[in-house]
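Going down the list, the sequences are from chains H and C. Just so we're aligned, residue 7 is where the first sequence starts under our numbering, counting upward by one. Just so we're aligned, residue 21 is where the second sequence starts under our numbering, counting upward by one. Even glycine gets a Cβ: it sits at the ideal position worked out from N, Cα and C. Report on one structure; see the data block that follows.
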Amino acid sequence: MLAHEFMRNAYLAGSFVAVACGLVGYFVVLRSQVFAGDALSHIAFTGALAAAAAGIDIRLGLFVATVAVAMGMGLLGDRARPDDVVIGSVFAWVLGLGALFLSIFTNGSSGENGTAAVRVLFGSILGLSAADARLAAVIGALACLALLAIARPLLFGSLDPEVARGLGLPLRAIGVGFLAVLAIVAAEATQAVGALLLLGLLAAPGGAARLLTDNPWRGLALSAALALASMWGGLALSYAIPSVPASFAVIALASGLLALAALRSWSRPDLPGAPGRVTAVSRIEA
Amino acid sequence: MHIELAALSPNLLSDFEQLTEYPFMVQALEAGTIVAVMAGAIGWFMVLRRQTFAGHTLSMIAFPGAAGATLVGLPLALGYFGACGMGALILAVVSRPAGVGRAGESAAIGTVQAFGLGLGFLFVTLYSGQLANLETLLFGTFLGITAAQVKTLFWIALAGLALLAVIGRPLLFASVDGAVARAAGVPTGAVALVFLLLLGLAVAATAEITGALLVFALLVTPAGTAQQITARPARGLVLSVGLALLVTWLGLAIAYFSPYPLGFWVTSLSFGFYVAVRLLLGPRARPAPAPLGTPA
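Structure representation (structure tokens):
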């Protein structure tokens, strides 16, 4: 399998994207910002199509759109956690804009443009060139480093905002910084699994890790490991069965892992995440 | 998509005549009206119950339903309604109060959504027909709505709204104050399940016209605008339905005369109203929403 260059590229880019998604996703779940991640993933779609319609590099549109909207959400929202009606209204409109750019783009020229939209929506990890894959790996690694740099205060601020504020942590800045990292990871993952499916790679490993352990550092590592396992397994599966798209295989594995984790915690009420069990994390949520 | 663009004249009456000249446009207006009434009413409750994310997930699940129906050769409507009904049941299971807390719940909902979309993509890939179809499934089309479709939509909307009227009072009670409602003997669990099924119904009906990705423009934005203006249930519901109707009619009319897609116009109009109302009234009009981290 690794004899093919496109598979090597896919594994290189996919590994870094998966680890970044797993790390960021754990915080997304912990901070109840899954809906914000959802919105950013749709904005990635519009940004990419706007760039395509204007004839510039799709990646530029991806990064500019997600980071700009994330900063806006962070600055507008109360304690950098925007209201879900605001998010919903904004991204309904952003999707409408996406439909507009799509129609301009597909009417503007012929043939292969239709597949460009599909690539943005559902990913094209098997079509990355070696240079693309290297760039994706570097950006993924940088996002991981940025997140780990703010991980300590971010974790503190997510778990116990009152005490963290009392100790003088700049929670607002941390919240906005986190949304910026989330935006970069979302734009990055769009190239691998597509704008519509990246939410699965953010939410499923993080959700499963939350169910499996109470220790936030172990949870963070577990989330990254689960995301990486889904990515490797999904790529192998899609190679073995060519009619199964890679992005679907990755998301299906990640969803399966979350389902297994949920089953385990439902059947064993003494374990973390089970209903009624009070933990450091669940206490904060209540 | 348009073969020949209609010309807009300054005479509004002749524009209207031009608009209703073709049966496909009349049927689109009829279907749009039915869908807007249902989405406006059910969306109002969705925003009140803070189930925006669940509603969005249901609308995404409409896509694999339609793609799966195309793959096995069933009617599209069956795919939409089947998938959304099943999605509502799954969401009811994962969002039980005895579940894993709000953070765990939204992770589960998000995963259901991504998995559903992935499944839809798999179906489209397996079908390997023209991918132009994909764009229609995701972004909708108002061309080619048949009279039979309008009739089906009408009866579905009637049944849905009748059910909403029956559970309206307990639903309102349970949505505003779940704990008190439960103490007063309202079966909040059953009410929540019926509401999710109704939401699925509304989403499936809307998705047939606006496409899976743009259902939200009719469900959340008019309702959010209405709740900015008034907190009173009766007025809010009427306002929400009225706004949904207005953006649908205006959107259809503009889309008819312009080369750009319906979804763009409907989302832009409803978002424009939302922003205008927020700017005019300020955020004070709505009771301060609980931060996302607290249980609803």
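query, result
"Same chain only: Cβ atoms within 8 Å of C:L238, ignoring 5 sequence neighbours per side", "V55, A56, A59, G60, G63, T226, T230, A264, V267, T268, V286, S290"
"Within chain C, partners of H:D166 - CB distance below 9 Å", "In chain order: nothing, as chain C lies at least about 11 Å away."
"Distance, C:G105 Cα to H:G55 Cα", "Looking at the sequence shown, residue 55 of chain H is not Gly but Leu. Going by the C-alpha atoms only, they are around 32 Å apart."
"Secondary structure of H:H5, DSSP reduced to three states", "In the structure as shown, chain H starts at 7 and stops at 292, and residue 5 of chain H therefore has no counterpart that could be examined."
"8 Å contact criterion, which H:M13 and H:V182 should meet: CB distance rounded", "Rounded, the Cβ-Cβ distance is 38 Å, inconsistent with contact."
"Exposure label - H:I247; buried when at least 16 CB within 10 Å", "exposed"
"Cutoff 7 Å: H:E41 Cβ touching any chain C Cβ", "Looking at the sequence itself, residue 41 of chain H is Phe, so the reference to Glu does not match. Yes, H:F41 counts as interfacial toward chain C."
"Residues of the stretch 86-107 of chain C with Cβ closer than 9 Å to any Cβ of chain H, in chain order", "none"
"Beta carbon of C:Y280 nearer than 7 Å to that of H:L127", "no"
"Contacts that C:V67 makes with chain H (C-beta to C-beta distance below 7 Å)", "V91"
"Stretch-stretch touch, CB-based, cutoff 8 Å, three pairs: the stretch 157-172 of chain H with the stretch 129-144 of chain H", "no"
"Closest residue to C:G130 among C:V211, C:L301, C:L111 (Cα-Cα distance)", "C:L111"
"Residue range of the unbroken alpha helix (DSSP H) whose run includes C:T226", "208-230"
"C:V67, enclosing alpha helix (DSSP H) - first and last residue", "43-68"
"Distance, H:A50 Cα to H:A24 Cα", "17 Å"
"For C:L142 and H:V250, believed in contact at Cβ under 8 Å, the rounded distance", "7 Å"
"Rounded Cβ spacing between H:S236 and H:P211 (contact assumed at less than 8 Å)", "7 Å"
"Proximal chain C residues relative to H:G94, where beta-carbon distance stays under 9 Å", "V67, T72, F73, G75, H76, F236, L239, V240, T241, G244"
"Min CB distance H:A209 to chain C below 7 Å", "yes"
"C:A118, buried or exposed, once every other Cβ within 10 Å from all chains shown has been counted against 16", "Any reading at C:A118 needs caution, since the residue's pLDDT is 42, under 50, leaving its predicted position unreliable; the model's value is listed next. Its Cβ having fewer than 16 others within 10 Å, C:A118 is exposed."
"Residue closest to H:R216, alpha-carbon to alpha-carbon, out of C:R255, C:S126, C:A179", "C:S126"
"Contact list for the stretch 261-284 of chain C against chain H, Cβ threshold 7 Å", "Y280, P281, G283, F284"
"Endpoints, alpha helix (DSSP H) assigned at H:R37", "It is not in any alpha helix (DSSP H) - H:R37 carries neither H nor E in the DSSP assignment."
"Cross-chain neighbours of H:F128 in chain C, by beta carbon under 7 Å", "F141"
"H:A142 versus H:G133 - alpha carbon distance", "13 Å"
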